[in-house]
Amino acid sequence: MDEPEPAAVAPGTAPTGLGPDTQEFLKALGSPTRQRIMMLFPQGAEMSVGEVAERTGISQATASQQLTLLRRGRIVTSRREGKTVYYRADRDGAVAALTELQSYLMTCC
-16 MDEPEPAAVA PGTAPTGLGP DTQEFLKALG SPTRQRIMML FPQGAEMSVG
34 EVAERTGISQ ATASQQLTLL RRGRIVTSRR EGKTVYYRAD RDGAVAALTE
84 LQSYLMTCC
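Every letter in the sequence shown is one number past the one before it in the numbering used here, and letter 82, counting from 1, is 65.
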């Protein structure tokens, strides 16, 4: 998957802001529960909603909601196998958001 190029900002002009994907990424990181869920996916590990719920001690409904926010933030990705949805880390999405954030911070700060 190709990484999006960070938005170029002409010298002497202010950046217009972060893109929507990066904003969703930052929102997804804003919850301690989602941060705990993120740590369940090292080195390409995959888990179903039920497995995430069991390992974090939350309901399946809550796990599903949290995983949806993590997917919107491009922190996890999913695939369906029959009726089961499996989640895993979205390394490319996270790298793209971090690249944009770094570029933005280097421009403004």
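Idealized CB from N, CA, C, for every residue including glycine.
Contact under 8 Å by Cβ, residue i with residue j
i, j, result
"S31", "V59", "no"
"I20", "T39", "yes"
"R1", "E83", "Here residue 1 turns out to be Leu, not Arg, going by the sequence shown. Closer than 8 Å, so yes."
"A72", "F8", "no"
"R54", "S47", "no"
Buried versus exposed, by CB contacts within 10 Å (16 or more), residue i
i, result
"Q26", "exposed"
"Q49", "buried"
"G56", "buried"
"A28", "exposed"
"T(-1)", "exposed"
"R17", "buried"
"D75", "exposed"
"V35", "buried"
"L88", "exposed"
"P(-13)", "A caution first: P(-13) carries a pLDDT of 49, below 50, which makes its placement in the model too unreliable to give a value."
Beta bridge counterpart(s) of residue i as assigned by DSSP
i, result
"V59", "A72"
"T67", "E64"
Nearest-angstrom beta carbon gap, residue j and residue i [assumed within contact, 8 Å]
i, j, result
"A11", "L52", "5 Å"
(request) Could you pull out every unbroken beta strand (DSSP E) segment of at least 3 residues lying fully inside the region 5 to 31, listed in chain order? (result) none
(request) Report the residue ranges of all alpha helix (DSSP H) runs contained in full by the region 35 to 59; include only those spanning at least 4 residues, in chain order. (result) 43 to 55
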